[in-house]
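Below: the structure, in structure tokens.
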Amino acid sequence: MSEEPLSLIVPREIAALEEINKLVEGFYRKNAASAPTRYPIELALEEIFTNMVRHNAAGRSDIRIELENRNGEVVAKVTDFDAPRFDPLTEGPPPGIERQLEQRVPGGLGIHLVRKMMDHIEYSHQDRTATVTLRKRAT
Amino acid sequence: MLQISVGDNDEIILSGRFDAAEAEKARQVFLNLEDAKVVDFARLDYISSAGLGVLLAAQKKLSERGKGLRLINVNGHIRDVFHFSGFDQIFEIV
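Okay, here's the thing in structure tokens:
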């Protein structure tokens, strides 16, 4: 079953995570069969959203979060309407997960986790609008 | 919300969500640790890279004195997150 996407516009601030989590909670109440995707989707939304907040603090727009069930596949989108071109998937720092403790730094870890936990990630940018699309199937 | 409490054996008990909105609160606690510590994850529902960053910073600081965090009851998705991050190599997880 596919339904209209749930959508939410939030300010460009980390505190908005609470509102995003409520959206996620509401989505999974209606889509119980997709429950196994909840943690990965929640994490991916947080990582992509906080990246946009931190790396584009000067952006003047709000940020839109969308969640949709497309025939059993959860599709999440995060859209920044005032962003320079920066693809976090190819231009971010390496996570350095093989490094010893002394050399480890936190940068790059978020995107690395998103890659590991999503089935598919896509970045697009046009007319200062950047969108990251995330897909995850329950099985 | 993230709750941080101290258990009967002086272990740190985390419960709730350890996300970017809560990381600063946790940083205050973890970066003030001066000795080895057990951290119980049994009641933690969620951790993101922001939470991992706090644990990493604490582990680095403690390791300078030859100490470290010992993580217990790390289960399910949180265990996956630790594994994907290579954190199972830099923390003692039991």
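If you read the sequences in order, they're chains A and B. All residue numbers for the first sequence refer to our numbering, where the first residue is 1 and numbers rise by one. All residue numbers for the second sequence refer to our numbering, where the first residue is 1001 and numbers rise by one. In this text, a Cβ means the ideal position worked out from N, Cα and C, and glycines have one as well. Computed from a prediction, not measured in an experiment: that's the story for all the values here.
For the beta strand (DSSP E) that residue i lies in, which residues bound it at each end?
i                  : result
LYS77 of chain A   : 73-80
ARG1017 of chain B : 1012-1018
GLN103 of chain A  : Here GLN103 of chain A belongs to no beta strand (DSSP E), and DSSP marks it neither H nor E.
PHE1041 of chain B : 1037-1047
LEU1071 of chain B : 1069-1072
Have a look at the DSSP bridge pairing and note the partners of residue i.
i                  : result
HIS112 of chain A  : Its beta-bridge partners do not exist; DSSP assigns none.
ARG64 of chain A   : A:ILE9, A:THR79
ARG137 of chain A  : A:GLU73
TYR123 of chain A  : A:VAL132
GLN1003 of chain B : B:SER1015
Find the residues of chain A that neighbour residue i, judging by a C-beta separation of less than 9 Å, and give them in chain order.
i                  : result
PHE1018 of chain B : Under the 9 Å cutoff, chain A gives no residues; its nearest Cβ is about 11 Å from PHE1018 of chain B.
LEU1056 of chain B : LEU101, ARG104, VAL105, PRO106, LEU109
Give the residues of chain B in contact with residue i, contact being defined as C-beta atoms less than 7 Å apart.
i                 : result
GLU98 of chain A  : GLY1086
LYS116 of chain A : PHE1084
Determine the chain A residues that contact residue i at a beta-carbon separation under 7 Å, and present them in chain order.
i                  : result
VAL1081 of chain B : LEU113
ALA1021 of chain B : ILE14, ALA15, LEU17, GLU18
SER1015 of chain B : None at all; the shortest Cβ gap to chain A is about 16 Å.
ILE1090 of chain B : LEU101, ARG104
I believe residue i touches residue j by the beta-carbon criterion, under 8 Å. Please report the beta-carbon distance rounded to the nearest angstrom.
i                  : j                  : result
LEU1014 of chain B : LYS1061 of chain B : 18 Å between Cβ atoms; not a contact.
ALA15 of chain A   : ALA1021 of chain B : 6 Å
TYR39 of chain A   : HIS1077 of chain B : 4 Å
ARG135 of chain A  : MET118 of chain A  : 6 Å
VAL1074 of chain B : ILE1093 of chain B : 5 Å
ASP1045 of chain B : GLY1016 of chain B : 6 Å
ARG85 of chain A   : GLY96 of chain A   : With a Cβ gap of about 25 Å, ARG85 of chain A and GLY96 of chain A do not count as contacting.
Going along chain B in order, which residues have a C-beta closer than 9 Å to the C-beta of residue i?
i                : result
GLY92 of chain A : Neighbours of GLY92 of chain A on chain B: none; closest Cβ ~12 Å, over 9 Å.
Chain A partners of residue i, CB-CB under 8 Å?
i                  : result
GLN1059 of chain B : LEU101
SER1005 of chain B : Within 8 Å Cβ-Cβ: nothing; SER1005 of chain B doesn't reach chain A, min ~21 Å.
GLY1053 of chain B : PRO106, LEU109
Considering just the uninterrupted stretch of the alpha helix (DSSP H) at residue i, what are its terminal residues?
i                 : result
ILE41 of chain A  : 38-55
ILE20 of chain A  : 17-30
GLU91 of chain A  : 88-91
GLU973 of chain B : Summary: the structure shown does not reach residue 973 of chain B, with chain B confined to residues 1001 through 1094, and so no result is reported for it.
GLY59 of chain A  : It is not in any alpha helix (DSSP H) - GLY59 of chain A carries neither H nor E in the DSSP assignment.
Taking beta-carbon pairs under 7 Å, can you tell me which members of the stretch 3-26 of chain A lie near chain B? The stretch 3-26 of chain A vs chain B, Cβ under 7 Å: ILE14, ALA15, LEU17, GLU18.
Give, in chain order, every residue of the stretch 39-53 of chain A whose Cβ lies closer than 8 Å to some Cβ of chain B. In summary, the residues of the stretch 39-53 of chain A whose CB is separated from some CB of chain B by less than 8 Å are TYR39, PRO40, GLU42, LEU43, GLU46, GLU47, THR50, in the order they occur in the chain.
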